[in-house]
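Please read the structure below before turning to the comments.
There are 2 protein chains.
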Amino acid sequence: MLVQGKPYRTVWLQGSSVQMIDQTLLPHAFQIITLPSCRETAQAITDMRIRGAGAIGAAAGYALAQGVLEAPAGAGFWPAVQQARALVEGTRPTARNLFYATERVAAAVQGLAPEQAREQAVQEAQAIADEDAAFCKRIGEHGSSLIRDGARVATHCNAGWLAFVDFGSALSPVYQAVRQGKRVHVYADETRPRGQGASLTSWELQQEGIPHHIIPDNAMGFLMQRKEVDLMLVGADRICAADGSAANKIGTYEKAVCAKDNGIPFYVAAPSTTIDFSLPSGAAIPIEERHEDEVHFVWGRDDQGAFRRVRISPAGTRARNLAFDVTPGRLITGFITERGIHKPDDLMQLRPR
Amino acid sequence: MLVQGKPYRTVWLQGSSVQMIDQTLLPHAFQIITLPSCRETAQAITDMRIRGAGAIGAAAGYALAQGVLEAPAGAGFWPAVQQARALVEGTRPTARNLFYATERVAAAVQGLAPEQAREQAVQEAQAIADEDAAFCKRIGEHGSSLIRDGARVATHCNAGWLAFVDFGSALSPVYQAVRQGKRVHVYADETRPRGQGASLTSWELQQEGIPHHIIPDNAMGFLMQRKEVDLMLVGADRICAADGSAANKIGTYEKAVCAKDNGIPFYVAAPSTTIDFSLPSGAAIPIEERHEDEVHFVWGRDDQGAFRRVRISPAGTRARNLAFDVTPGRLITGFITERGIHKPDDLMQLRPR
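Protein chains in written order, with the numbering used here: chain A, 6 to 358; chain B, 6 to 358.
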């Protein structure tokens, strides 16, 4: 997608170096970092310079490919590859896509001679990244049929291209609709506590020249009540096929309840790899409770341009910080995947044979 | 209520000076300011050193009493009183309680000789403040019957004693329940964009020693879904008797929809003076749209202790900032006023004869 008028992916391989947009600086500064080694790419994943399921997966694939490239030929080759894999898998241990990517790269090189393994590792990592982008593009193509000319689309958190390799999930239908010549206005809620809507989604939309407003999370329901929203699109961290529920950034459930109360279609967009066919119900999805300082402190740029945090609560108060919630299938109009648009009751049909 | 173990009101008269807690410094510093003249008290109201319907009303009554005290005996007396009234009424022109207070003080002194007028103005201003505190106390007595021992009570924004003269509206039942020996845990959402929950409600509760957590606005629905909330209590800026709806801080509607979805009782607590008997429906309540910078910038204390704002959105993005929303009566379990607990359908019966 576009940044300052030029097309970018979130992460890519240049020779044997990984390059990525440093997302910790967004939206205040746009900077590409170059990571010449597996160790440095792994560190960048740990430091959350890249975030979002698809983007982490692609970065992990590239990182392990770097590990294979760096492994010395001879007896030390496979131990070095194993070590690289352990390093990459230790960066964000709860990110499923990360393991999907390292497994794929590891399987692709298994039993090969070092030279072939190096070539194959790079090819497989590239395939992972390209597939992610292709899946997201297809989500956009399917989803854009839901967006009429002049639509006002609401979204929560950042499920745009910054969370993937390109295009994004929830925002991909918007990007495709705009390419089809439709006029679209986006309401991006700020998404406390980490503010991905205010910082990342608005930045993406700004770079693409798509009209939008940021709103406080509290305002989405009222905008819906006033019929100022036509459609809501969100992403998902995990989808439970058994009951059609979706775990996503905290607040998604609130928005879905409000959409239902106002008869506004509410769609979850994600690659089908996000669907979990083994869970009995969404209630079984473990919910991370993160550090309370994310609630007490807000990061931003001060009037002199420096990054700085400010405390918004009295010293000594406690906060709770549930990172995700689970939206039941009864509140979800449909799921948009690279394979099409599906009703919550039909997800089991997508199970791989 | 208690601050550092000592009882305080938000505003009071000491001799001919108004004293008030400077709420612009909360929760980071507790400071009483002394306002020796009508002009200075009016300025403090304009500067939002005091905020909240009841507190503004009391401050306005005291300010006009100061104006009467300062007016020179003789021909200049009534013109000076008129001027003081205009000054006070110009401070926050949309605050209804402000006009209620100035009207009451003006009516009390009408036609009196200057000396009597001075005495009467102070008495009436004191009566306004005392009534506000008494009404809030009674709200607490009625509302505390809804709170069982061990209850987890959720609230939105600040409808505590800082918004009134004492006790508050939504928090008054909590304070009374605790005085009755019940154990209560409060979930205060931070209430973006201005953060009154994180800053003021949590500070009040901390000073009273009541266990509580701050949560992001996005998390309330999920806590309800997990049955971690037993009851929600909020305040109101205006209640429409005709349809039992309530205008309150943006986000109230979202919380009410979530409470309904989870079968959690949702009460609106406010003095009966907040009820509007003339409006045909809540949809007729005008909704203020405030400056977008309240969304783009967050104020707080930096790591060096200085007050500072940080920008959370990219430069140049736009935001919308609807200050209030309207919660329909179908989502409200009941209203708690100084007169008792009322169903949304029964509010017209409270109309003064």
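Backbone N, C-alpha and C fix where the C-beta goes; we use that ideal spot for every residue, glycine too.
Remember, predicted model here, so these are calculated numbers, not experimental data.
| Query | Result |
| --- | --- |
| Host alpha helix (DSSP H) of A:Ser149 (start-end) | Where A:Ser149 is concerned, there is no enclosing alpha helix (DSSP H), given that its DSSP letter is neither H nor E. |
| Inter-residue Cα distance where the pair is A:Val331 and A:Ala288 | 7 Å |
| Alpha helix (DSSP H) segment containing A:Gln87, residue limits | 82 to 94 |
| Exposed unless 16 or more other CB atoms sit within 10 angstroms - verdict on B:Gln354 | exposed |
| Length of the line joining the Cα atoms of A:Arg14 and B:Thr279 | 54 Å |
| Beta-carbon proximity list for A:Val189, same chain, < 7 Å, skipping 5 on both sides | Ile152, Ala156, Val158, Val179, Ala182, Val183, Ile215 |
| Among B:Ala139, B:Arg44, B:Pro41, B:Ala193, nearest to B:Arg344 - alpha-carbon criterion | B:Ala139 |
| Boundaries of the beta strand (DSSP E) in which A:Trp17 is found, first to last residue | 16 to 19 |
| Partners in chain A for B:Leu327, counting only beta-carbon separations shorter than 7 Å | Ala224, Phe227 |
| Backbone secondary structure at B:Cys245 - three-state DSSP | strand |
| Any C-beta of chain B under 8 Å from that of A:Glu213 | no |
| Exposure label - B:Lys232; buried when at least 16 CB within 10 Å | exposed |
| Inter-residue spacing [alpha-carbon to alpha-carbon] between B:Ser318 and B:Arg356 | 46 Å |
| Distance CB(A:Leu284)-CB(A:Ala247) smaller than 8 Å | yes |
| Segments of 3+ residues assigned as beta strand (DSSP E) that fall wholly inside the stretch 90 to 173 of chain A | 156 to 160 |
| B:Pro357 in three-state terms, based on DSSP | coil |
| Whole-Å CB distance - B:Glu299 paired with B:Arg199, under 8 Å assumed | 6 Å |
| Where the beta strand (DSSP E) through B:Val5 begins and ends | No information on residue 5 of chain B is available, as it lies outside the stretch 6 to 358 that chain B covers here. |
| Pairwise C-alpha distance: B:Ala311 and A:Leu359 | Missing from the structure shown is residue 359 of chain A; chain A here goes from 6 to 358 and no further. |
| B:Leu210 and B:Ile220 closer than 8 Å at C-beta | no |
| Per-residue burial, A:Lys254 [other beta carbons within 10 Å of its own, 16 or more giving buried] | buried |
| Closer than 8 Å to chain B by CB, A:Cys263 | yes |
| Short CB-CB distance (under 8 Å) between B:Gln71 and chain A | no |
| Short-range partners of chain A found in the stretch 242 to 259 of chain B, where Cβ spacing is below 7 Å | Ile255, Gly256, Tyr258, Glu259 |
| Within chain A, partners of B:Glu195 - CB distance below 9 Å | Arg197, Pro198, Val300, Ile317, Ser318, Ala324 |
| Straight-line Cα distance separating B:Pro41 from B:Gly57 | 22 Å |
| Within 8 Å, strictly: CB atoms of A:Val239 and A:Thr160 | yes |
| Environment of A:Ala261 [buried if 16+ CB atoms lie within 10 Å] | buried |
| Inter-residue Cα distance where the pair is B:His388 and A:Thr322 | This structure cannot speak to residue 388 of chain B, because chain B is shown only from 6 to 358. |
| Chain-ordered chain B contacts of A:His218 [CB-CB under 7 Å] | Arg323, Ala324, Arg325 |
| Closest by C-alpha distance to A:Ser207, when choosing among B:Asn223, B:Arg325, B:Ala241 | B:Arg325 |
| For B:Tyr105, the nearest candidate out of B:Ala130, B:Ala89, B:Gln115 (CA to CA) | B:Ala130 |
| Anticipated Cβ contact below 8 Å, A:Gly226 with A:Cys162, distance rounded | With a Cβ gap of about 16 Å, A:Gly226 and A:Cys162 do not count as contacting. |
| Bridge partner(s) assigned by DSSP for A:Thr342 | A:Gly345 |
| Contact set between B:Val303 and chain A, taken where Cβ atoms lie within less than 8 Å | Val303, Gly305, Val315, Ile317 |
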